Each structure stands twice: as C-alpha cells, then as structure tokens.
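Structure, as structure tokens:
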Ligand SMILES: Cc1cc2nc3c(=O)[nH]c(=O)nc-3n(C[C@H](O)[C@H](O)[C@H](O)COP(=O)(O)OP(=O)(O)OC[C@H]3O[C@@H](n4cnc5c(N)ncnc54)[C@H](O)[C@@H]3O)c2cc1C
C-alpha cells in the first residue's frame, strides 16, 4: 500500500443514523480524529422516528429500563446538539394515555402508587384540550418527564454539519475491504484504531457482527394534517398521535395541525417500503380515535434495530479487537442513545468499562 495516501484516524464510524450521530459527537468532543461513512439506504429508522421519550410503556405499564439515568443524559446531550446545530431538538411534553377498561385503570393507579413510578405519573390527567376532538376512552392517565427528540431533524442537520467539516463520506461500506487483523484496522485509504459499526438494522449484512441476535422489526406511520387540533400533549390512544413542527415537503402547514401517527410493528420483512395494508390499519386506528376530519399527507416505513434481549449492543469483536459495534437501540433509541453513546465513547477511550447488560460479550461467536 502507498503509505503517503493513507489517512490516519482514531475512529472510522459506519452509519450516521442516531447511533453514529451521537457516537461521533461524543468522540469529536474528546478531540478524536474521526470520519463517518454513510449511505442513505431506504428504511433507516432515525429518519422517520417520532423520537418519543417515554418513562412508562406497554400494556404492562412498565417503567422504562434505567430511565432515571437515561433522561438526564438525553436532555443534556440533545440540548448540546441544539447549540451546535442551531435547531430545536428536545421538547418536553406530557403523554396522555387512554385506559380502555376497569382493569387498565386500576393497574394504572396501582403502578402510580409505587415510589419508583411516582415521579412520572401526574396525579390527575387533564384531557380538557382534547375535548370534542377525540373520542373519550374509559379513562385517562397522564405521564410527565416524557419528551420528544426530533430525530429526523437531528440526523439531517448533523449530516450537513459533518459535510461542512469534511468528516462524512457518502458511500456504501464495503466489508471486503476491511483488514482487521493488525494493530490498526485498514479500510481502503484509511488506517484507524478502530472501525465502529452503527448500521442500524442493516447490521444483518455485516459479516463480522451478524452473529449477534438482531431481530429487526418494520414500522410504518402516517404524517397527517388535523385542522383545528392544536394538541399540546402526545396522545397514546390505539396508536401514538404526536405533534410535529413541520413537514419539509409541505412548509405551508401551520404548527398545531401536523401530527405523526403510528406506528405498526411487524417481524416479517417485506421490504423497506410502506404498504397499503398497514396504511389501512393506521387509518382504522385514527378513525376510531379522532372526532375531527383529517388529511393524510405522507406515509413512511422504517426498520428498527431491535434485538432479542432488548438491550443495546456495545463492544468489540471477540476475534478482531479493532472492530467495534454500537447498535441495538431498538424501539427506544431516543432515550437509550445519548447515555450509551457516551458510555461507548468513554469505553473506546479507555476511561470506563461497559455495563455487562449491554456488552456484546454476553453472546459468544458461533465458532469461537
Ligand atoms: C416507525 C418507527 C417509529 C419509531 N419511533 C421511535 C420513538 O418514538 N422513540 C424512540 O426512541 N425510537 C423510535 N424508533 C426507533 C429508533 O428509530 C431507533 O432506535 C434508532 O433510530 C436507531 O438508530 P440507528 O442509528 O441505530 O439506525 P438507523 O437509523 O437505521 O441508521 C443506520 C444508518 O447506517 C447506514 N448504513 C447501514 N449500513 C451501511 C453501510 N454498509 N454503508 C453505509 N451506510 C450504512 C444506514 O443507511 C443508516 O443511515 C422508531 C422506529 C421506527 C421504525
């Protein structure tokens, strides 16, 4: 190899969804020499996610794992990124959750009485701004300390910022070109301490890390206009209805009328494109909830990097220590991302150990 053409890096990052964005941000803050390689594949989930940060989720009304640590890390990181990029990313908003029967209501009340849930439950739900606009469910519950991280806006704005710094290459990463069995890893003209893979669900194509139990799920959503809605809270009623600021392709629609509606969840993979079947399902949910007329503006689909044990994947390859991964953010990238990107950066710099629950050493490579 002609060494005069070699570019020395600390880290080469593959993928600039939320994971690659946050990890590169933390590494740059520590003055590391990095480059990011990203190809805008269809189905990248960060470009379409609602970015809901939800302290209590699911039918079991369960507190999100380590939420008390994740929330402050998310708030601080997204605010720092707001300053860097000059855009609004972090918006604290309550979630109004429909309770559909007596059992759900008493379960909600029971959970809310536990000390670890108490910080997240509003003592009384206030649905007055939804009056006459939404079909009333059996009862309401309301969550506080919830938020929205504008994930698509963040990823697009950060990409423009990386471009200005000359730090991003728009190309498909070619795994055949990796020479990992040396002190430094070589990839084409780059020589780096490590390559860190942040490819989201496309990690299934990565020959070094596809032994990890990824189980990607496809999700679809609608962007709708609801004139006169003005909902100030996020609504969880059949599906999520989340206010969004603007739609780049429809700049004329005022704030207060635009909403993200979704999403579906499906294990069977039928390609990254939106489907008529899921559109009908979402419309059915909306019709059951909304009293106001609405207009569908767009439909999107994406593939979540969900994993078997619902814990992120952080760490280095068992055979090739110059290869690392930061992935598996699953359905909760907005809240998990900042805390664990910070941990991953500190781990790469040798200043912390990875938590056992997220370290990929919990899985062994099949032929190792
Ligand atoms: C419908 C839907 C709704 C969601 N809503 C929420 C929500 O409300 N709250 C929440 O917290 N999470 C939500 N999520 C999950 C969230 O989107 C993910 O946790 C997060 O975006 C994952 O980010 P990522 O960077 O790991 O992956 P991605 O966003 O998929 O990014 C990976 C990037 O790597 C690139 N790449 C991959 N392979 C290569 C290669 N070989 N060469 C070059 N580039 C490559 C891809 O093109 C892409 O740009 C939602 C997901 C979906 C699908």
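In this note's numbering, the protein residues as written are 2 to 369. Beta carbons: idealized from backbone N, C-alpha and C, even for Gly. Note that this is a predicted model, so its numbers are computed, not measured.
Residue burial classification, residue i (beta-carbon count within 10 angstroms, cutoff 16)
i: residue 1; result: This structure cannot settle anything about residue 1, because the visible part of the chain is limited to 2 through 369.
i: residue 337; result: buried
i: residue 291; result: buried
i: residue 269; result: exposed
i: residue 306; result: buried
i: residue 101; result: exposed
i: residue 236; result: buried
i: residue 176; result: exposed
i: residue 184; result: exposed
i: residue 39; result: buried
i: residue 289; result: exposed
i: residue 61; result: exposed
i: residue 78; result: buried
i: residue 223; result: buried
i: residue 103; result: exposed
i: residue 146; result: buried
i: residue 232; result: buried
i: residue 210; result: buried
i: residue 247; result: exposed
i: residue 352; result: exposed
i: residue 164; result: exposed
i: residue 114; result: exposed
Cβ distance (whole Å) where residue i is taken to contact residue j below 8 Å
i: residue 64; j: residue 143; result: In fact, because the Cβ distance is near 15 Å, the residues do not count as touching under 8 Å.
i: residue 293; j: residue 202; result: Not quite, the Cβ-Cβ distance comes to about 35 Å (not below 8 Å), so this is no contact.
i: residue 168; j: residue 36; result: 6 Å
i: residue 304; j: residue 258; result: That pair is no contact at about 29 Å.
i: residue 205; j: residue 364; result: Not quite, the Cβ-Cβ distance comes to about 15 Å (not below 8 Å), so this is no contact.
i: residue 321; j: residue 181; result: 4 Å
i: residue 135; j: residue 238; result: 7 Å
i: residue 148; j: residue 343; result: Actually they are not in contact, since the Cβ atoms of residue 148 and residue 343 sit about 18 Å apart, beyond 8 Å.
i: residue 10; j: residue 34; result: 5 Å
i: residue 15; j: residue 199; result: 6 Å
i: residue 195; j: residue 325; result: 5 Å
i: residue 50; j: residue 334; result: 7 Å
i: residue 315; j: residue 221; result: So it is not a contact: roughly 29 Å between Cβ atoms.
Backbone secondary structure at residue i - three-state DSSP
i: residue 340; result: helix
i: residue 43; result: coil
i: residue 162; result: helix
i: residue 215; result: strand
i: residue 319; result: coil
i: residue 60; result: coil
i: residue 325; result: strand
i: residue 36; result: strand
i: residue 295; result: coil
i: residue 193; result: strand
i: residue 9; result: strand
i: residue 103; result: helix
i: residue 156; result: helix
i: residue 209; result: coil
i: residue 239; result: coil
i: residue 30; result: helix
i: residue 176; result: helix
i: residue 198; result: strand
i: residue 314; result: strand
Residues sharing a beta bridge with residue i, DSSP
i: residue 143; result: 97
i: residue 300; result: 223
i: residue 149; result: 53, 92
i: residue 305; result: 218
i: residue 260; result: 225, 244
i: residue 267; result: 219
i: residue 186; result: 193
i: residue 135; result: 291
i: residue 170; result: 38
i: residue 15; result: 38, 198
i: residue 122; result: 144
i: residue 251; result: According to DSSP, which records beta bridges pairwise, residue 251 is partnered with nothing at all.
Residue-level contact to chain C via CB, residue i, 8 Å cutoff
i: residue 202; result: As a matter of chain content, chain C is missing from the structure shown, which is built from one protein chain.
Residue i Cβ short of 7 Å to ligand 3 heavy atom set
i: residue 136; result: This structure lacks ligand 3; its bound ligands are ligand 1.
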